[in-house]
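**Student:** A single structure is presented below for examination.
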Amino acid sequence: MKIRRFAIMAMAVAMLAATSCSDADQPEAGQVLNVKGDVNGVWSRGSIVNVDGDIVVPEGQSLTIEEGVKVNVSGAIKVDGNLYCKGTEQDPIEINEPSAETYCPAPAAAGARRMAWQGIKASATCGEMLIEHTMIGGSGVDGAVVSYDNADGRCVVDGSEIYGGNGGALAVNCAVAVVSGNKFVDNGGDAVTISAAKADVDHNMIYGASASPVRIARGTARVYNNTLANSGWLAQSAAVVAADGVSLGAFNNLLVNCNGRIEAGADSEVDYNYYCTSQSDVDPGFMPAPAVGGSRRFDAHSVVASGDDKSGNPGFVDYPFGSVAIGSGYYNPLWDMHLSSSSAALSGAYAGHDAAFAPVLAGGVNVGGGVFAPKASNAWFGAYGPERIPEVSSMP
């Protein structure tokens, strides 16, 4: 796991005051912009944007947020047009309430969450939404921190981190969705809810969700190579839930101290998942379910490792598997949940070419002028795979 650090951005000498943000009054790199009301155009890289109350991206218009922008929001970001958050791994975007500390991956306690801002809310007229390398703090947001409700729209959430929402991290209703390589931490309710004709949910770390880490409400979806940890205890929920009629392919997922298993109907294929718990007495609800009517395969090749099993500990590089509080949403950014070289979770995963386990959107989704594809599945369990080998400098 790469640890991100954020330096405090230097304040610009010029302050731009505006009641709205149009193409004519965009901030230059590193400047400060105060906005309210309708917004569009580009918030330039490295800028600080202070949002007064709610802002709206009008229907037919677009707002692009470039890398390194810090957005302080006291209301909601409402999107009737298009939203493109284009951060980079080296210089991500940060969106949070004004009083929030520099990026914190999880509040110390739910009672400490504030309600100063109400998240990103994209409506039925939002054609496209891209959240790329963006850190979004929920801090007690009612409902999901990021929501999108256009059944004909396109949504990509890639390489981002969303944390601290009372009602979940991400709730998406759209035509096509790619949710890949993200981290969702300490969110209430279902962490990720997808209702899409076609969707891929892959290589995500979902930690400390009070209900299900992933819920698929409709359509055809693949959920694979995700690490789902310490979740489902407050609401007594399964780790992955697919509604009746959903065509789900769920495989190569690593379930760690979750309350429940993967639950899906007869139109789904669920196999090659790794279930592990640090508890010696395993809740039967965590064990793989038997095959249901019509299911060709349901966890027939999955690995079930209890606390008494020598392979119960999946062998993370640095994670207190045996002592972490079950059901706690607290996440330490110093933990490294890559798999050590001796991990049992490095073998036994699916590595074939069955269409039921192929990404739905392998060709990618065109959003904001770019094509975003789900990651190819990896032949290990979970999101991160083998521990990273430190780079060796060629300098003497």
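Numbering (our numbering), first residue to last: 63 to 458.
Heads up, the beta-carbon is just placed ideally off N, CA and C, and yes, glycines get one too.
For A304, which three-state DSSP category applies?
**Tutor:** By one-based count along the sequence shown, residue 304 stands at place 242. Note: A304 maps to strand in three-state DSSP.
**Student:** Which residues mark the beginning and the end of the beta strand (DSSP E) in which W105 is found?
**Tutor:** In the sequence shown, counting from the first residue as 1, residue 105 sits at position 43. Where W105 is concerned, the enclosing beta strand (DSSP E) stretches over G103 to W105.
**Student:** Could you round the C-beta distance between A184 and V141 to whole angstroms and report it? I think they count as a contact, below 8 Å.
**Tutor:** Taking the sequence shown and counting its residues from 1, the one referred to as residue 184 is at position 122. Taking the sequence shown and counting its residues from 1, the one referred to as residue 141 is at position 79. Indeed, because the Cβ distance is near 4 Å, the residues count as touching under 8 Å.
**Student:** Measure the alpha-carbon distance for A424 versus N96 and round it to whole angstroms.
**Tutor:** Start at 1 with the first residue of the sequence shown, and residue 424 comes out as number 362. Start at 1 with the first residue of the sequence shown, and residue 96 comes out as number 34. Rounded to whole angstroms, A424 to N96 spans 40 Å at the Cα level.
**Student:** Report the three-state DSSP secondary structure of L192 (helix, strand or coil).
**Tutor:** For the purposes of this step, residue 192 is taken as residue 130 along the sequence shown, with counting starting at 1. Strand, per DSSP.
**Student:** Quick one: give me the first and last residue of the beta strand (DSSP E) that G311 is part of.
**Tutor:** Here residue 311 corresponds to residue number 249 of the sequence shown, with the count starting at 1. Taken as a continuous stretch (DSSP letters only), the beta strand (DSSP E) holding G311 covers S309 to F313.
**Student:** Considering only residues of the region 369 to 451, which uninterrupted beta strand (DSSP E) runs meet the minimum length of 3 residues and lie entirely inside it, listed in chain order?
**Tutor:** Here the runs fully enclosed are 378 to 380, 398 to 401, 427 to 429 and 432 to 434.
**Student:** Check whether the region 310 to 320 and the region 286 to 295 are in contact - that is, three or more C-beta pairs closer than 8 Å.
**Tutor:** Yes: at least three Cβ pairs fall under 8 Å.
**Student:** In the DSSP assignment, find the beta strand (DSSP E) that holds N134 and state where it starts and stops.
**Tutor:** On the sequence shown, residue 134 is found 72 positions in, with the first residue counted as 1. Taken as a continuous stretch (DSSP letters only), the beta strand (DSSP E) holding N134 covers K132 to V135.
**Student:** Does the separation of the CB atoms of I268 and V308 fall below 9 Å?
**Tutor:** Walking along the sequence shown from the start, residue 268 turns up at place 206. Walking along the sequence shown from the start, residue 308 turns up at place 246. No. Outside cutoff.
**Student:** Is E194 near K148, with beta carbons less than 9 Å apart?
**Tutor:** Position 132 of the sequence shown, counted from the first residue, corresponds to residue 194. Position 86 of the sequence shown, counted from the first residue, corresponds to residue 148. Yes, these two residues count as a Cβ contact at 9 Å.
**Student:** Applying the criterion that 16 or more other CB atoms from any shown protein chain within 10 Å of the CB defines a buried residue, is P169 buried or exposed?
**Tutor:** Reading the sequence shown from its first residue, position 107 is the one you call residue 169. Model confidence at P169 stands at a pLDDT of 46, short of 50, so the residue's coordinates are unreliable; what they give is reported in the following sentence. Burial call: buried.
**Student:** Please list, in chain order, all residues of the same chain as Y146 whose beta carbon is under 6 Å from its beta carbon, the five residues on each side excluded.
**Tutor:** Sequence index remark: in the sequence shown, residue 146 carries index 84 (1-based). Here the set comprises T126, L192 and G430.
**Student:** Cα separation between D211 and G115?
**Tutor:** Residue numbering aside, residue 211 sits at position 149 when the sequence shown is read from its first letter. Residue numbering aside, residue 115 sits at position 53 when the sequence shown is read from its first letter. Taking the straight line joining both Cα atoms gives about 22 Å.
**Student:** Roughly how many angstroms separate the alpha carbons of D333 and A283, rounded to a whole number?
**Tutor:** One-based indexing of the sequence shown puts residue 333 at position 271. One-based indexing of the sequence shown puts residue 283 at position 221. Their Cα atoms are separated by approximately 14 Å.
**Student:** Alpha carbon to alpha carbon, how far is D153 from F313? Give it in angstroms, no decimals.
**Tutor:** Within the sequence shown, residue 313 is the residue found at index 251, counting from 1. Within the sequence shown, residue 153 is the residue found at index 91, counting from 1. One C-alpha to the other measures close to 32 Å.
**Student:** Among H265, Q298 and V207, whose alpha-carbon lies nearest the alpha-carbon of T255?
**Tutor:** In the sequence shown, the residue the question calls residue 255 occupies position 193. Of H265, Q298 and V207, the residue nearest in Cα terms is V207.
**Student:** Tell me the rounded alpha-carbon separation between E121 and K98.
**Tutor:** The count along the sequence shown starts at 1 and reaches residue 121 at position 59. The count along the sequence shown starts at 1 and reaches residue 98 at position 36. If you take the alpha carbons of E121 and K98, they lie about 16 Å apart.
**Student:** Quick check: what's the CA-CA separation for E325 versus A305?
**Tutor:** In the sequence shown, counting from the first residue as 1, residue 325 sits at position 263. In the sequence shown, counting from the first residue as 1, residue 305 sits at position 243. If you take the alpha carbons of E325 and A305, they lie about 9 Å apart.
**Student:** Taking Cβ to Cβ, would you say A445 is nearer than 9 Å to H265?
**Tutor:** Translated into positions along the sequence shown, residue 445 becomes position 383. Translated into positions along the sequence shown, residue 265 becomes position 203. Closer than 9 Å, so yes.
**Student:** In the DSSP assignment, what residue or residues form a beta bridge with Y286?
**Tutor:** On the sequence shown, position 224 is the one that residue 286 refers to. For Y286, which the question treats as bridged, DSSP gives the partners D264 and F313.
**Student:** Taking C-beta to C-beta, are C236 and A213 nearer than 9 Å?
**Tutor:** Residue 236 sits at position 174 when you count from the first residue of the sequence shown. Residue 213 sits at position 151 when you count from the first residue of the sequence shown. Cβ distance < 9 Å, so C236 and A213 count as in contact.
**Student:** Work out the CA separation of G447 and S409 for me, nearest whole Å.
**Tutor:** Here residue 409 refers to the residue found at position 347 of the sequence shown. Here residue 447 refers to the residue found at position 385 of the sequence shown. If I take the Cα positions, the gap works out to 10 Å.
**Student:** Using the Cα positions of V135 and I157, report the straight-line distance between them to the nearest angstrom.
**Tutor:** Residue mapping note: residue 135 aligns to position 73 of the sequence shown, counting from 1. Residue mapping note: residue 157 aligns to position 95 of the sequence shown, counting from 1. Going from the Cα of V135 to the Cα of I157 covers about 7 Å.
**Student:** Among residues of its own chain, excluding the 5 on either side of V219, which ones have a beta-carbon nearer than 7 Å to its beta-carbon?
**Tutor:** By 1-based counting over the sequence shown, the position of residue 219 is 157. Counting only Cβ-Cβ distances below 7 Å, and skipping sequence neighbours, we find I193, L232, V241 and N244.
**Student:** State the CB to CB distance for the pair Y412 and D398, rounded to an integer number of angstroms; the pair is presumed to be in contact (CB under 8 Å).
**Tutor:** Locating residue 412 in the sequence shown gives position 350, where the first residue counts as 1. Locating residue 398 in the sequence shown gives position 336, where the first residue counts as 1. Incorrect: roughly 24 Å between the Cβ atoms, too far for contact.
**Student:** Decide if E151 is buried, meaning its Cβ has at least 16 other Cβ atoms within 10 Å, or exposed.
**Tutor:** Taking the first residue of the sequence shown as 1, we reach residue 151 at position 89. The residue is exposed, with fewer than 16 neighbouring Cβ atoms inside 10 Å.
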